[in-house]
Amino acid sequence: MVGFILKRLVQSVFVMLAVAFLAFSLFRFVGDPISQMTGVETSLEDQARLREDLGLNDPYFVQFARFTGDMLRGDFGYSFRTREPIGEMLLSRLPATLELGVVALLVSLVVGIPAGVYTALRPRGILSQTILVGTLIGVSIPTFVIGILLIFLFGVQLGWLPTFGRGGTVEIGWWRSSLFTAEGWRSLVLPALTLGLFQLTLTMRLVRAQMMEVMRTDHIRFAIARGVPWRSIRYRHALSNTMIPVITIIGLQFGGVIAFSIVTESVFQWPGMGLLFLESIRFVDIPVMSVYLVVIAFFFVLINLLVDLLYVAIDPRLRVRESV
Amino acid sequence: MFNRKIPAAAMALSTTVLLALPAAAETFRWAGTTDPQTMDPHAVNATPVLSFLNNVYEGLVRRGPDMSVQPSLATSWEALPDGAGWRFNLREGVTFHDGSAFDADDVLFSYERGVSEPSDVRSWFASVTDVVRVNDYAVDFLTSAPNPLFPGSIANFMIMDEGWATENGAALPAREAETHATRNANGTGPFMLDARDPGIETRLVPHEAWWDTAEHNLTEAVFTPIGNPATGLAALLSGEIDFISPIPLQDVEQVEQRDGFKVLAGLETRVIMLGFGHDHEALKYSEETTDENPFLDPRVRLAVAKAIDVETIDRVIMRGAAEPASQLLPEGLSGYSEEHSERPEFDPEAARALLEEAGYSDGFSFGLMCPNDRYINDEAVCRAVASMLARIGIDANVNAMPVRGYWDELRAGNFDMYLLGWSPGTFDAEHPVRFLAHTPTERLGTWNFGGYSNERIDALLAPIQSEVDPVARQVMLDEVAGILQEEVAYVPLYTQPLIWAMKENVDVVQRPDNFFMLRWVTVN
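If you want it as structure tokens, here you go:
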């Protein structure tokens, strides 16, 4: 088990290196950081000196080697735009993204699983059809548009919820949380809905398909034949068998939720890592963009690992095989 | 309400406490698209930074609502004999936000800091040879040649406290790693930096000991950057912010129609123009004309100017908010040439005739470079220009790109024609001559991407910079404006509008340089 985890962690280093390499080679086409860092009146010689100072004249491989070397030593470097240390910058933005991602995931689970079970058990019911069509609409409208629609409905027209930012936050050590104030929760509702909607649809449809399939399997048929109560059949036997693939997919999706919260964060001016990444692109802040992508790659690897471990925990057959 | 540090155990309790806090009535919340990158007044010479910091730091002089030069930390100034420079008499009894006193040493220190290698504001002092302390409250700026406009040109040169900067290790502006002055500030201005959360929120509170009488009625001012225009508009309409700048032109109507909101649409000092590759021997992006550059012929450039219907661009794309321009700077700024205020008349027939005369009656195709996120509706303007030029038989292939890569392309000469907007930092006609019309060198003509070169203009720049007599100076500026028009070095299109939106009860002053000064804000 320990060996398995170690092997995965070593692999993750290579994944991150590959991501850093690709990112680095792409960023050369994003634009010129110097013209973003200096004013219009700055002379060309001053610009050239700055370019030299920042090592932008060095060959690509030298720059890449320096970047990876610094990263390995735990030195994430400084932002071109704000000159802040990047490690600190990302760390201060991490709680916002994680809280948004987790709440969005919870929304999708709390709504998605019951809705999936319901639509599986009553496939022809009017409510089921309504839910299915409704989520189809939800999934086909781009996140950006959904966010703006929600903002204009609940923020501007009805005035119930804030339209941007995190509202009241509380600091617990370095972690800045919006989960402990009512204002913070009010700010969280719309972005979490926007971000969780796609995930919700996916979860619901997956649960529905799995559930319908499990309900047709032999052991459920036998259980019905034996007169096991419907309640027990549905929620104890059928649902628990449904959950194994669902957990895998949801876990993998969570990485996506974190990584692709960029759009939601931009629409709601949600001060997370995604918003920071967007700002960095606008200013050609190459160091921040590079570190961000490496960190996101790390998240993906980590989540994959957790999913694998969870899988073993849930499915007894895997444990048995391993002990044999 | 924000960022309260409390132990975890008290959290449940604090939730109710936080809810019970009433919002202060005079807290003013405003938003812009870009967060000031730094709180250091000498580190980045860009409008978002300078505009924001002018609320916190002050210069020797400052600009009034009409851009006039007014006393600030200097109460008066006079030219030294024989054009040797300028003497500034400093205001006594001024204190920085931390309570330390302001005197000549702070000016000297700020000058040294401003001309240091990591500084981005060195160009303001290109003509300064030395700064001499006369006494505690007088400083001489010595210049290599008479420099009549010097006081106005350093209106954004902000004074930092020597003691504070050196004690905190911020004697020089940040180059790679931040310094104390990147996220902290200690100026003499009307507002003090209370809390800084880069990219999220910046809080200012009034400086009670400010030397001038406060015209504003704010007790707190909170700035939030909102990059997405739709989000910014929603934040204003939902009442969460009091003011936003800018808003997209297409949203003006929506804001104006709502009760309780208003739009302030004036003109920015920025002229949008077309430039040519004057030093390009051949077109780069033509399908058929690959061995010559028709734009080298002034008749072709004039044909371009005559083919573009600026009135229509203004009416359709800029919703009537822009103003046609005849020169490289807007009407009304100092040094503007009244003599040359006519722009070439829109006349496609004459344009076609000019093309024929130049030997291009069959037309040609070329590449028009254009930013798509720098100026108001910039890409749409380029497309309109392209369709107007198509009517006289020349085909522009529009290549629109984000501004982050745009200047690089222009510097590399990758264009046949390009769109450029220029706002003269000194609000004087000398500025565009120095940056756009002078032959490119390391320090001059640095934004003259097309390599336009005229010996007479090059020769006139230095005398314009040092001429003390305003009449003689204007004669030279008129001559330059005349040459630029006659040769059609650029095709000035229009002066760009400036669109601010706010709640009805907010009164602000819109300065044409797009600086937002809190000291003129009142909330009724």
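Which chain is which? The protein sequence lines are A and P, in order.
Letter 96 of the first sequence, counting from 1, is numbered 96 in our numbering, and no numbers are missing.
Positions in the second sequence are counted from 1; adding 324 to them yields our numbering.
For glycine and all other residues, C-beta sits at the position ideal for the given N, C-alpha and C.
Residues of its chain near residue i, where Cβ-Cβ distance is below 6 Å and the 5 sequence neighbours each way are ignored
i: G388 (chain P); result: Q394
i: P472 (chain P); result: V792
i: G745 (chain P); result: R594, I596 and Y699
Residue j beta carbon less than 7 Å from that of residue i
i: G409 (chain P); j: D464 (chain P); result: yes
i: G513 (chain P); j: Y381 (chain P); result: yes
i: V839 (chain P); j: S375 (chain P); result: Reading off the sequence, residue 839 (chain P) comes out as Phe, not Val. Taking 7 Å as the Cβ cut-off, F839 (chain P) and S375 (chain P) qualify as a contacting pair.
i: P95 (chain A); j: R176 (chain A); result: yes
i: V139 (chain A); j: F198 (chain A); result: yes
i: S287 (chain P); j: P497 (chain P); result: Look at the range of chain P in this structure, 325 to 848, and you will see that residue 287 (chain P) is not part of it.
i: I303 (chain A); j: G255 (chain A); result: yes
i: T555 (chain P); j: F164 (chain A); result: yes
i: D671 (chain P); j: K608 (chain P); result: no
i: M263 (chain A); j: T97 (chain A); result: It should be pointed out that residue 263 (chain A) corresponds to Val in this sequence rather than to Met. No.
i: E616 (chain P); j: A606 (chain P); result: yes
i: A796 (chain P); j: L653 (chain P); result: no
i: V452 (chain P); j: A825 (chain P); result: no
i: M741 (chain P); j: L692 (chain P); result: yes
i: T548 (chain P); j: E577 (chain P); result: no
The beta strand (DSSP E) enclosing residue i, as first and last residue numbers
i: L542 (chain P); result: Element bounds for L542 (chain P): n/a, residue is neither H nor E.
i: Q809 (chain P); result: That residue, Q809 (chain P), is in no beta strand (DSSP E); its alpha helix (DSSP H) goes P794 to E811.
i: Y814 (chain P); result: Y814 to K827
i: F600 (chain P); result: F585 to F600
i: T399 (chain P); result: A398 to A403
i: E279 (chain A); result: Per DSSP, E279 (chain A) belongs to no beta strand (DSSP E); it is in the alpha helix (DSSP H), M273 to R282.
i: A355 (chain P); result: T351 to G356
i: D177 (chain A); result: Residue 177 (chain A) is actually Ser in this sequence, not Asp. Start and end: W175 to S177.
i: S240 (chain A); result: Counting along the chain, S240 (chain A) falls outside any beta strand (DSSP E), though it belongs to the alpha helix (DSSP H) covering L239 to A259.
i: I637 (chain P); result: It is not in any beta strand (DSSP E) - I637 (chain P) carries neither H nor E in the DSSP assignment.
i: V170 (chain A); result: V170 to I172
Close-in-space but distant-in-sequence residues of the same chain around residue i (CB under 8 Å, 5 per side omitted)
i: H762 (chain P); result: L768, G769, N772, I781, D782 and L785
i: L842 (chain P); result: F352, N379, P514, F515, L528, H540, L542 and A545
i: L349 (chain A); result: The shown model of chain A, from 1 to 324, leaves out residue 349 (chain A), and the question about it has no answer.
i: L278 (chain A); result: I262, E265 and S266
i: L78 (chain A); result: Leu is not the amino acid found at residue 78 (chain A); the sequence shown has Tyr there. E84, P85, I86 and P287.
For residue i: DSSP bridge partner residues
i: E183 (chain A); result: E183 (chain A) pairs with nothing; no bridge assigned.
i: G409 (chain P); result: P:L466
i: D521 (chain P); result: P:E525
i: F154 (chain A); result: Beta-bridge pairing links F154 (chain A) to no other residue.
i: D312 (chain P); result: There is no way to answer for residue 312 (chain P), as the model of chain P reaches only from 325 to 848.
i: Y78 (chain A); result: A:P85
i: Y742 (chain P); result: P:G599 and P:M693
i: D719 (chain P); result: P:S689
i: M516 (chain P); result: P:V529
i: A724 (chain P); result: P:C694
i: F547 (chain P); result: P:W354 and P:T526
Span of the alpha helix (DSSP H) around residue i
i: A674 (chain P); result: P672 to E681
i: Q394 (chain P); result: First-last for Q394 (chain P): V393 to P395, but that is the beta strand (DSSP E), not the alpha helix (DSSP H).
i: E577 (chain P); result: V576 to Q581
i: E733 (chain P); result: V727 to R735
i: F474 (chain P); result: F474 to S477
i: V13 (chain A); result: V2 to F27
i: R507 (chain P); result: H504 to R507
i: F376 (chain P); result: T371 to L377
i: F299 (chain A); result: I286 to I314
Same chain, Cβ closer than 7 Å to residue i, neighbours up to 5 away in sequence not counted
i: V19 (chain A); result: L293, V294 and A297
i: P572 (chain P); result: P553
i: I641 (chain P); result: N701, A704, V705 and A708
i: A348 (chain P); result: For A348 (chain P), the predicted structure reports a pLDDT of 44, less than 50, and the residue's modelled location is therefore unreliable. The matter cannot be settled from this model.
i: S569 (chain P); result: G356, W824 and F840
Contact list for residue i against chain D, beta-carbon separation under 7 Å
i: D444 (chain P); result: The structure shown has no chain D; the protein chains it does contain are A and P.
Notebook entry, point to check: Counting pairs of Cβ atoms below 8 Å between the region 276-288 of chain A and the region 86-104 of chain A, do you hit three or more?
Noted result: yes
Notebook entry, point to check: Do the region 814-821 of chain P and the region 593-602 of chain P make contact, defined as three or more Cβ pairs closer than 8 Å?
Noted result: yes
Notebook entry, point to check: At a cut of 8 Å, does the region 818-825 of chain P reach the region 574-594 of chain P through at least three beta carbon pairs?
Noted result: yes
Next item on the list: Specify whether the region 669-686 of chain P and the region 707-722 of chain P touch according to this definition: at least 3 beta carbon pairs, one from each stretch, less than 8 Å apart.
Entry: yes
Note to self: Whether or not the region 413-429 of chain P and the region 485-495 of chain P are in contact is what I'm after, with contact meaning three or more pairs of Cβ atoms, one per stretch, closer than 8 Å; do they touch?
What the structure shows: yes
Notebook entry, point to check: Can you find at least 3 beta carbon pairs, one from the region 192-210 of chain A and one from the region 113-129 of chain A, that sit closer than 8 Å?
Noted result: yes
Notebook entry, point to check: Would you say the region 530-537 of chain P touches the region 412-422 of chain P, given that touching needs at least three Cβ pairs under 8 Å?
Noted result: yes
Next item on the list: Check whether the region 19-36 of chain A touches the region 264-272 of chain A, counting contact only when three or more Cβ pairs, one atom from each stretch, lie closer than 8 Å.
Entry: no
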